[in-house]
Every structure is written in C-alpha cells, then in structure tokens.
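Student: One structure coming up, written as structure tokens, with questions to follow.
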Ligand code: PAN
Ligand code: ZN
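Numbering (the working numbering), first residue to last: 1184 to 1377.
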C-alpha cells in the first residue's frame, strides 16, 4: 500500500483566479488554437498580436489519486463575433464527471453528449455547473471581465481534444446585438456514433 497523502491547503485569489501554490500553469494563446474560431480572417489578423485567451492554474497536490483541482481564467475578448473560449474536450473516461464553480465574470458552458445533444448553461458568480461523464465541455467568456471558475475532476479522467479539434462543437456562442446568442455551427461534422 502506498503511504496515505498528507492534507494540503491552497489559496485562490477570487479576482485573478491564481491558485497558490500552483503545480502547473497552462497558458493558451491564439497561436495555440487559431483554427478553432469560425471567422478565419479575424483570427489570422489577430495572430501577430497573439493574445492570451486563457490560463489554467492546477493546485499543487501531493496525491496521485483522487481529484484534480484547478482554476481557469478566460480573458474577455472576441475573434470576429465569437467570444474567447477554451479549446473544449471530453474526458477519456466516460464515467468521469466534473464540477465548475464560477467565482468571477459571466460566461456560458457548452456541453455536448456523445450523441450530439447540446446543453448550454449560464456561468456567473456562485453558479455550480455539473458536467456528467461522457459530455464534452467548452467554456466561453461572454462578459467584459475575466471569467474565473474553479473545477474539480478525477485525476485519471484523461482529456480528449482531438475529436473536438477536428469537428468542433455543434453550437457556437456568438455576440449579437442583444448579447450572446447560441447558434448552430455551420461547419459542424456530426459524431460518427450519432
Ligand atoms: C478544465 C479545462 C480548462 C481549459 O480544467 O481543462 O478550463 O479548457 P481546455 O482543457 O478545454 O483547454 C477542465 O474541464 N478539466 O477537465
Ligand atoms: Zn474537463
């Protein structure tokens, strides 16, 4: 039997989302995901500026089993009409759910089942979003300040990005005159299993 892990303690700055101590900080810039956006001329034009779209701060933990704890901070901005967003993924383990607790800002969580059913939920401070196992998920910052949320998921869930890099999500969140709109993705390729 491995030795039991020791209790650990960290602090989240509720405004910046920074976790201290953080084990890992992942930074995603536009150059890491230019093809993810619909408006390709707008994406190409912004590439020289190469803005940071989001960062993920994973809490330092002594444990190799159990839960991963992290904050995500999505900057406010748009590429054409599309808001800054995460790449989006599904967990490899289909029985691995995830919980998001929003700390700051306003956003939308796009969830998509293996058979292309879509559920879009609002994220605002205090929202708890439950993502069942088997549902791909992407977060979109629809506000004018950073969207900060805390996430908890199983350490061995695994992340599948490839399936969603190729075909994207069935729904897009675009800025409209009256705020964010959920629209069908015109270039979406249906899941083979649908
Ligand atoms: C989150 C996401 C984070 C970044 O911690 O990993 O918001 O999004 P992408 O991983 O899609 O780039 C989570 O859902 N973890 O499982
Ligand atoms: Zn996840």
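Heads up, the beta-carbon is just placed ideally off N, CA and C, and yes, glycines get one too.
In this text the structure is predicted, and so the values were computed from the model without any measurement.
1. Nearer than 8 Å: is that true of the beta carbon of residue 1277 relative to any heavy atom of the ligand ZN?
2. State the start and end residues of the unbroken alpha helix (DSSP H) segment that holds residue 1279.
3. Between 1252, 1321, 1256, which lies nearest to residue 1351 when the distance is taken from Cα to Cα?
4. Enumerate, from N- to C-terminal direction, the unbroken beta strand (DSSP E) stretches of 3 or more residues contained entirely within the segment 1260-1348.
5. Evaluate residue 1329 with the Cβ neighbour count: other Cβ atoms within 10 Å of its Cβ, from every protein chain shown; 16 or more gives buried, anything less gives exposed.
6. Determine the direct distance from the alpha carbon of residue 1357 to that of residue 1363, and round the result to whole angstroms.
7. Exposed or buried, residue 1210, counting other C-beta atoms within 10 Å across all chains shown (16 or more means buried)?
8. Hey, would you say residue 1200 sits closer than 9 Å to residue 1254, going by beta carbons?
9. For residue 1191, name the three-state secondary structure that DSSP assigns.
10. Do you know whose CA, among 1194, 1344, 1294, lies nearest residue 1242's CA?
11. Would you list the residues whose beta-carbon is nearer than 7 Å to any heavy atom of the ligand PAN, in the order they occur in the chain?
12. Is residue 1318 closer than 9 Å to residue 1287 when the C-beta atoms are compared?
13. Out of 1217, 1346, 1188, 1342, point me to the one whose CA is closest to residue 1280's CA.
14. Who pairs with residue 1350 in a beta bridge, going by DSSP?
15. Verify the contact flag: residue 1338, CB atom, against every heavy atom of the ligand ZN, threshold strictly below 8 Å.
16. For residue 1197, which residues in the same chain have their Cβ closer than 6 Å to its Cβ, ignoring the five residues on either side in sequence?
17. With respect to the alpha helix (DSSP H) encompassing residue 1224, which residues constitute its N-terminal and C-terminal limits?
18. Should residue 1257 be counted as a contact of the ligand ZN given a C-beta to heavy atom distance under 8 Å?
19. Tell me whether residue 1344 is buried or exposed, calling it buried when 16 or more other Cβ atoms sit within 10 Å of its Cβ.
Tutor: Reading it off the structure:
1. No, since every heavy atom of the ligand ZN falls outside the 8 Å radius drawn around the Cβ of residue 1277.
2. Per DSSP, residue 1279 lies in no alpha helix (DSSP H) segment and is marked neither H nor E.
3. Ranking the options by Cα distance to residue 1351, first place goes to 1321.
4. Fully enclosed beta strand (DSSP E) runs of 3 or longer: 1281-1287, 1290-1295, 1301-1306, 1311-1314, 1319-1324, 1330-1337.
5. Under this definition residue 1329 is a buried residue.
6. Between residue 1363 and residue 1357, the C-alpha separation is close to 6 Å.
7. So residue 1210 counts as exposed.
8. It is a contact, given that the beta carbons lie within the stated cut-off.
9. Three-state DSSP puts residue 1191 in coil, outside helix and strand.
10. Nearest option by C-alpha distance: 1194.
11. Working through the chain, the matches are 1211, 1237, 1239, 1253, 1255, 1269, 1270, 1271, 1272, 1274, 1281, 1320, 1321, 1322, 1334, 1336, 1340, 1342, 1344.
12. No; because the gap between Cβ atoms is not below 9 Å, this pair is not in contact.
13. That would be 1342, whose Cα lies nearest to the Cα of residue 1280.
14. Looking at the DSSP output, residue 1350 sits in no beta bridge, so it has no partner there.
15. Checking every heavy atom of the ligand ZN against the Cβ of residue 1338, none is found closer than 8 Å.
16. The residues are 1286.
17. The continuous alpha helix (DSSP H) containing residue 1224 extends over residues 1223-1229.
18. No, the beta carbon of residue 1257 sits no closer than 8 Å to any heavy atom of the ligand ZN.
19. Counting Cβ neighbours within 10 Å, residue 1344 comes out exposed, since fewer than 16 surround it.
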